[in-house]
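J.:
Number of protein chains: 2
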Amino acid sequence: MNETTPLNVPLQPDTQAEALPRRRFINTAALAGLGLGLAACNQKPDAAPAATPAAASAPPKAAAAAAADAAHLKPGQLDTYYGLWSGGHTGDVRVLGLPSGREIGRIPCFVPDALVGWGHTNESKKIMGTKADGSLRFTVGDTHHVHASYRDGNYDGRYAWVNDKINSRIARIRLDYFVCDKITKLPNVMGFHGIFPDKRDPVDTAINHTTRVFCGGEFAIPLPNSALEDHTKYRSLFSCVDAETMEVRWQVQIDGNCDLVATSYDGKLAAANQYNTEMGARYENMMSAERDACIFYNIARIEQAVKAGKFKTIGSSKVPVVDGTREANKDPKTALVGYVSVPKNPHGVNASPDGKYFICCGKLSPTATVIELTKVLDWFDGKLDKIDATIVAEVELGLGPLHTAFDGRGNAYTTLFLDSQVVKWNVDKAIAFHKGDKSAKYVVDRIDVHYQPGHINASQSETVAADGKYLCVGCKFSKDRFLPVGPMHAENEQIIDISGEKMVLLAEHPVRPEPHDFIFFKRELLKPKQVYNLDEFPLAVKDPKQAGVTRAGRKVTVRMTSQAPAFEPREFKLKRGDEVTIIWTNLDKIQDLTHGLAIPDYNINFITNPQETASVTFTADQVGVFWYYCTHFCHALHLEMRGRMIVEA
Amino acid sequence: MNETTPLNVPLQPDTQAEALPRRRFINTAALAGLGLGLAACNQKPDAAPAATPAAASAPPKAAAAAAADAAHLKPGQLDTYYGLWSGGHTGDVRVLGLPSGREIGRIPCFVPDALVGWGHTNESKKIMGTKADGSLRFTVGDTHHVHASYRDGNYDGRYAWVNDKINSRIARIRLDYFVCDKITKLPNVMGFHGIFPDKRDPVDTAINHTTRVFCGGEFAIPLPNSALEDHTKYRSLFSCVDAETMEVRWQVQIDGNCDLVATSYDGKLAAANQYNTEMGARYENMMSAERDACIFYNIARIEQAVKAGKFKTIGSSKVPVVDGTREANKDPKTALVGYVSVPKNPHGVNASPDGKYFICCGKLSPTATVIELTKVLDWFDGKLDKIDATIVAEVELGLGPLHTAFDGRGNAYTTLFLDSQVVKWNVDKAIAFHKGDKSAKYVVDRIDVHYQPGHINASQSETVAADGKYLCVGCKFSKDRFLPVGPMHAENEQIIDISGEKMVLLAEHPVRPEPHDFIFFKRELLKPKQVYNLDEFPLAVKDPKQAGVTRAGRKVTVRMTSQAPAFEPREFKLKRGDEVTIIWTNLDKIQDLTHGLAIPDYNINFITNPQETASVTFTADQVGVFWYYCTHFCHALHLEMRGRMIVEA
């Protein structure tokens, strides 16, 4: 029970409150202690009609046991959902099976990966991007949000996208092979945070699938970037990337910044929360305003403006940038964007699966704001006087609301970072409550999670097919939930059964820090391929007879094949100083028969999966015998699968 | 059931046998198809008295259910065992909680890690080793074996060690903070495979703890390395590393190679299996002999020889190398080493927890060979005529025996790679059978695993406190056990209850390729620290008041602190071309309050845990405003935790 756990809200170290139970602390010294100014909010958290937290702590025992069984698959039993998770600092995408919560794969994107040779092979270096000397331009990343391509409002199994916040890159994942195939760096953007694909075209109704990906720029900077110190002159950009070519189509210069991003099911709007409309440069100055904003982008109008040449470019970038500032968008009938006010430093914005609402979480306000899509469209059509009239509810949920998921039955599930809870609430009842029906009990249930939850998602929640079965919650602190492993703690991912009225906590899984956003969906939506097609690789060495060494001056090409338990050639010779390219095709055709190729002291190790080709280039700068060997267990004679690279002086 | 699964033995692609059920295939075309020459073995697999495999497929249902519950911990329930796993290509050590099988941490060693900044910070680069230009010497690794330090025959919670096979490096892990603190590259060794610490001193009985770590060199090479093509002149080295200083104390030049390594409980002997006594350069020539060897090292005598100056050095290495060739060690009374013959390409060698036996697995022979420690000591004392008289059993277990674990009750558990099984067998009964008692049923049980198991270990199996509760098995192929995720498959780690007569499969977990060896032991043996001590870091910035910029010519030092939600300084200025070192101390004291520090476009991201200090050095080569920000979720104002690095032209 949370009541007896150690304090789990990070505090200023000088606080005397560490010995206090968590809830009592939150209700007393917390607000001042956190310096959030929450006490000054108009909303009184205790005014909200709430289900008793005690109920969540004691779910029906039999139901809990039965539900827990569902998450504990028997050996050999397959999961029923795929999950795609951002990896965080590791710059990759995690693939999970659910409800078991098992990690069944990782897809390297922005950061080198010494297992597959990502950032080591010539093919992956080309995708990642290199400097003039051939070395990687970036070796760190910070992935936050993974979302997949849509058709008819559901995932179509083609692509997923993920952002790198540090270096403003967007990566695309092919969901047939589970590999990253393209990376684009956004020009003039720093702190690329929110990301969301569109779900259909805003104009052409025949295009009922994803063709654009929207990207929010969080940190305002000089445009173009210079050493300008006056931060009030900094600005942010919202970018549109072409889903197929991965080129940046256009950008919108705005006031304030972009945090999370969401899109409407009709393809007409994208939305981005703004937490620093004050344009402050220090945190104290980023939270002075009582309300910030959620900015809505009218995609069709923006693209008309670009077509009409109403844009500028910034620095050396050729990308058209339209004007999305408040000043330039006062007239709703011509506005490219609209700014809806939302309480104090909002964080997540999520589109409900019925297509009707965007829900913005308050973060420093204990509220969620419900904005109705048709009313936003009305505003753009000049039918609504004030844009804030698009707000159909603004209700209190608890302390630190961050993100919201949906069950397809009209309920929303919001993480409360400071309360370490998930609150289940009914959107219609919240609207009724906001309209004045104070008897409307919109809070359905609360459940304690462990601890400080950030992202949340439910099965199929971001699609028209939200099925309300499971909820996953990414908890930022794990503290006492797992055996101690030194100062760096795992994050804690918890899975909750939401099929009934009450939420039931099923299981929890530690994970290396730190995943952020994720999606999970029915397994039948993907059709992965488990063996590559030789013809997809232009350099493929299709027969061991083609294996061998060719030389053009100091440039040497080694064509290599593998078939367990042997590489071909079995040995080859080089001269010191040769520039060597090894092109290696794994000719094994059997599923799961991956080989690795390591060359000791030459800093080379990469794998090829069945029927895959990959290459590396290096200089033969050390004389001697170097046993290249298979690093991926393949066969009873795996240890014997090796050959000699002989480098002569 | 295995009977209906797809073929799970890697084959030559031209085989017609793919449609055959696995067992039938193994019994017919397999031996020829695999080209292993197993049919020529003297042993007939069907001659062994074996428990029926069907029994393993149908364990008592109630027992199975109860046991499975044990592995499925309830939320908030802590594991009872720690596991330390080699990470494989990722060059790190995985930390698991058992029996849940959850991964609770990873410890970067040989390969950069973009999460903690391993290979990015100055401190970690110093441990990893750099080239003249300051870049890392190696960025790939291939870890295989993790073993921990001993006291009184059990783990003492001080250290663990892990090897990098590719670049012949050994890393040490501090088990208080779960970090790598030292890495040593072994001179004149290629393919450093087996590794094992000693358990006490061979001479000084007061030293009843680990002071040495033994390392087996697998690939024979020219000594010193040159482009010598005649492979019959290549040799391998067995190395001894000092557990405290991590310096290489001495090496032994041997005939043949070293595969796995084990040590005796009395501290007197180390052992290494040899699979290529033929010294072949191609796999066909590595398996012509019917018997290879297990080589025993007499530690006290080797160290006497070194002391007496009876050694050479190789190339630029200063490490003393003694002569362990067969020719030089014919007289048992003066021999430094002894070669016990073992059937065809043995793989694992394991010391039984009663201190009596070394067990060598046949790999290409379906047998395990049991060698008695006291008899080996007798041989070194001249009391035994023939060294092979140390063999007290050589019994058939099944196809492809690789590694063996123990339950402390006299039973051994061996993985059968080709059979995809674990076989439980009784060592005393095997000895009786070998002696002539053909009624001795040494095989107790068999269980199918999925698929192609390599390493195996049991709870506390490598200590005097082997408790016979759980068995973990690392399966190299997972094939159809998890949702498909493209061509690269997860490995499959399975956990088995061994507390009863019959083994019961409890659960399975996918894992990123590819872990090899591992140990697991009772949680009370470790006492991790969860907050660092500021005084352990000489560069610590102990007060925010010390934060700021100092300049010496073009060398700039930025002293930085963090206390959620702010860095100090909040902004700082540089000039283009400055050589900048940021020294950053995380002053937060609360457990789990880790911060990250990223600098966009400067390829910098690393973390500091509570009370930790780390530093990075870079050149300020880009002009502009760069928002450094916290990448590790820390506080409700985490997104607002950022500052400006302003680089002027």
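Here the protein sequences line up with chains A and B, keeping their order. Residue numbering for the first sequence follows this note's numbering, starting at 1 and increasing by one per position. Residue numbering for the second sequence follows this note's numbering, starting at 1 and increasing by one per position. Glycine included, C-beta positions come from ideal geometry on N, C-alpha and C.
Residue ranges of each beta strand (DSSP E) run of no fewer than 3 residues wholly in the segment 222 to 249 of chain A, ordered along the chain?
T.: Counting whole runs of 3 or more residues, the segment 222 to 249 of chain A contains the beta strand (DSSP E) stretches 236 to 242.
J.: Name the chain C residues whose beta carbon is nearer than 8 Å to that of A:P222?
T.: The chain inventory of the structure shown lacks chain C, comprising the protein chains A and B.
J.: Roughly how far, in whole angstroms, is the beta-carbon of A:Y82 from the beta-carbon of A:P99, given that I think they are within contact range, below 8 Å?
T.: Counted from its first residue, the first sequence places residue 82 of chain A at position 82. Counted from its first residue, the first sequence places residue 99 of chain A at position 99. Not quite, the Cβ-Cβ distance comes to about 12 Å (not below 8 Å), so this is no contact.
J.: Given that B:M641 touches chain A, what residues does it touch there, using C-beta distances under 8 Å?
T.: The residue labelled residue 641 of chain B in the question sits at position 641 within the second sequence. Here the neighbours are Y283.
J.: Under DSSP, the alpha helix (DSSP H) around A:T687 begins and ends at which residues?
T.: Because chain A spans 1 through 649 in this model, residue 687 of chain A falls outside it and cannot be assessed.
J.: Taking the CB atoms as reference points, tell me whether A:V625 and B:A227 lie closer together than 8 Å.
T.: Within the first sequence, numbered from 1, the residue matching residue 625 of chain A stands at position 625. Within the second sequence, numbered from 1, the residue matching residue 227 of chain B stands at position 227. The answer is yes: Cβ separation under 8 Å.
J.: From A:H450, A:D588, A:I302, A:I387, pick the residue whose C-alpha is nearest to that of A:C656; which is it?
T.: Lying before the first or after the last residue shown, residue 656 of chain A is absent from chain A, which here runs from 1 to 649.
J.: Looking at the structure shown, is A:M560 part of a helix, part of a strand, or coil, going by DSSP?
T.: The residue given as residue 560 of chain A occupies position 560 in the first sequence. Three-state DSSP puts A:M560 in a strand.
J.: Got a sec, what are the start and stop residues for the beta strand (DSSP E) B:S352 sits in?
T.: Within the second sequence, residue 352 of chain B is the residue found at index 352, counting from 1. B:S352 -> no beta strand (DSSP E), and no H or E assigned at all.
J.: What runs of the beta strand (DSSP E), each 3 residues or longer, lie entirely inside the segment 367 to 435 of chain B?
T.: With a minimum length of 3 residues, the continuous beta strand (DSSP E) runs that stay inside the segment 367 to 435 of chain B are 367 to 372, 391 to 396, 401 to 406, 411 to 416, 421 to 426.
J.: Based on the DSSP secondary-structure assignment, which residues constitute the bridge partners of A:T613?
T.: Position 613 of the first sequence holds residue 613 of chain A. A:T613 pairs with A:T585.
J.: Tell me A:F192's beta-bridge partners as DSSP assigns them.
T.: Locating residue 192 of chain A in the first sequence gives position 192, counting from the first residue. Paired residues: A:G217.
J.: Evaluate B:D592 with the Cβ neighbour count: other Cβ atoms within 10 Å of its Cβ, from every protein chain shown; 16 or more gives buried, anything less gives exposed.
T.: For the purposes of this step, residue 592 of chain B is taken as the residue at position 592 of the second sequence. So B:D592 counts as buried.
J.: So which residues of chain B does A:F138 contact, with C-beta pairs closer than 8 Å?
T.: Walking along the first sequence from the start, residue 138 of chain A turns up at place 138. Result: N603.
J.: Using a cut-off of 8 Å between C-beta atoms, extract the partners of A:R102 located in chain B.
T.: Taking the first residue of the first sequence as position 1, residue 102 of chain A is located at position 102. In chain order: F482, H509, P510.
J.: Using 8 Å as the cut-off, can you tell me whether the segment 197 to 217 of chain B makes contact with the segment 139 to 157 of chain B, which would need three or more C-beta pairs spanning the two stretches below that distance?
T.: Enough Cβ pairs lie closer than 8 Å, so yes.
J.: Where does the unbroken beta strand (DSSP E) through A:S149 begin, and where does it stop?
T.: Looking up residue 149 of chain A in the first sequence gives position 149. That run of the beta strand (DSSP E) goes 143 to 151.
J.: So what does DSSP say about B:I496, is it helix, strand or coil?
T.: Reading the second sequence from its first residue, position 496 is the one you call residue 496 of chain B. B:I496 falls in the strand class under three-state DSSP.
J.: Does B:E3 have its Cβ less than 8 Å from a Cβ in chain A?
T.: What you label residue 3 of chain B is simply residue 3 of the second sequence in a count that begins at 1. Confidence at B:E3 is low in this model, with a pLDDT of 33, below 50, so the placement of that residue should be treated as unreliable; the coordinate-derived value is given next. So no, B:E3 is outside the interface.
J.: Any idea if A:Q251 is buried or exposed, counting beta-carbon neighbours within 10 angstroms, 16 or more meaning buried?
T.: On the first sequence, position 251 is the one that residue 251 of chain A refers to. Counting Cβ neighbours within 10 Å, A:Q251 comes out buried, since at least 16 surround it.
J.: Report the three-state DSSP secondary structure of A:Q251 (helix, strand or coil).
T.: Indexing the first sequence from 1 puts residue 251 of chain A at position 251. Residue state, collapsed to three classes: strand.
J.: Return yes when the Cβ of A:G88 is within less than 8 Å of the Cβ of A:E514, no when it is not.
T.: In the first sequence, residue 514 of chain A corresponds to position 514, counting from 1. In the first sequence, residue 88 of chain A corresponds to position 88, counting from 1. A contact, by the Cβ cut-off of 8 Å.
J.: Compare the C-beta of A:S86 against all C-beta atoms of chain B and say whether one is closer than 8 Å.
T.: Translated into the one-based positions of the first sequence, residue 86 of chain A becomes position 86. Cβ-Cβ to chain B under 8 Å: no for A:S86.
J.: If the cut is a Cβ gap below 8 Å, which residues of chain A does B:M488 touch?
T.: As a position in the second sequence, residue 488 of chain B is number 488, starting the count at 1. Chain A residues near B:M488: G105, V116, F178, T594, I607, N609.
J.: Within 8 Å (strictly less), CB to CB, does A:E648 reach chain B?
T.: Residue numbering aside, residue 648 of chain A sits at position 648 when the first sequence is read from its first letter. Interface residue, yes.
J.: Indicate the three-state DSSP secondary structure (helix, strand or coil) for A:I519 in the structure shown.
T.: Residue mapping note: residue 519 of chain A aligns to position 519 of the first sequence, counting from 1. Residue state, collapsed to three classes: strand.
J.: Terminal residues of the continuous beta strand (DSSP E) containing A:V625?
T.: For the purposes of this step, residue 625 of chain A is identified with residue 625 of the first sequence, where counting begins at 1. Unbroken beta strand (DSSP E) run through A:V625: 624 to 629.
J.: Between the C-alpha atoms of B:D663 and A:K545, what's the straight-line distance to the nearest angstrom?
T.: Since the first residue of chain B shown is 1 and the last is 649, residue 663 of chain B is not available in this structure.
J.: Taking contact to mean at least 3 C-beta pairs separated by less than 8 Å, is the segment 331 to 338 of chain B in contact with the segment 355 to 366 of chain B?
T.: They do not touch, by the three-pair rule.
J.: Since A:D113 sits in a beta bridge, which residues does DSSP pair it with?
T.: For this step, residue 113 of chain A is matched to residue 113 along the first sequence. In the DSSP output, where bridge partners are listed per residue, A:D113 has A:W118.
J.: Mind the definition here: the segment 313 to 329 of chain A touches the segment 385 to 393 of chain A only if three or more C-beta pairs lie below 8 Å; say whether that holds.
T.: No, because fewer than three Cβ pairs between the segment 313 to 329 of chain A and the segment 385 to 393 of chain A fall closer than 8 Å, the two stretches do not touch.
J.: Return the CA-CA distance between B:P510 and A:A412, expressed in angstroms with no decimal places.
T.: Along the second sequence, one-based indexing puts residue 510 of chain B at 510. Along the first sequence, one-based indexing puts residue 412 of chain A at 412. Distance between the alpha carbons of B:P510 and A:A412 is about 32 Å.
J.: Between B:N605 and B:T594, is the Cβ-Cβ spacing less than 8 Å?
T.: The residue given as residue 605 of chain B occupies position 605 in the second sequence. The residue given as residue 594 of chain B occupies position 594 in the second sequence. Against a cut-off of 8 Å, the Cβ pair of B:T594 and B:N605 comes out as no contact.
J.: Compare the beta carbon distance of A:R559 and B:A281 with 8 Å and say whether it is the shorter of the two.
T.: For the purposes of this step, residue 559 of chain A is taken as residue 559 along the first sequence, with counting starting at 1. For the purposes of this step, residue 281 of chain B is taken as residue 281 along the second sequence, with counting starting at 1. Against a cut-off of 8 Å, the Cβ pair of B:A281 and A:R559 comes out as no contact.
J.: Does B:P401 get closer than 8 Å to chain A when you measure Cβ to Cβ?
T.: Counting from 1 along the second sequence, the entry for residue 401 of chain B is found at position 401. It does not; no Cβ of chain A falls within 8 Å.
J.: Listed from N- to C-terminal order along the chain, which residues in the segment 513 to 525 of chain A have their beta-carbon within a distance smaller than 9 Å of any beta-carbon of chain B?
T.: Answer set for the segment 513 to 525 of chain A: P513, E514, H516, R523.
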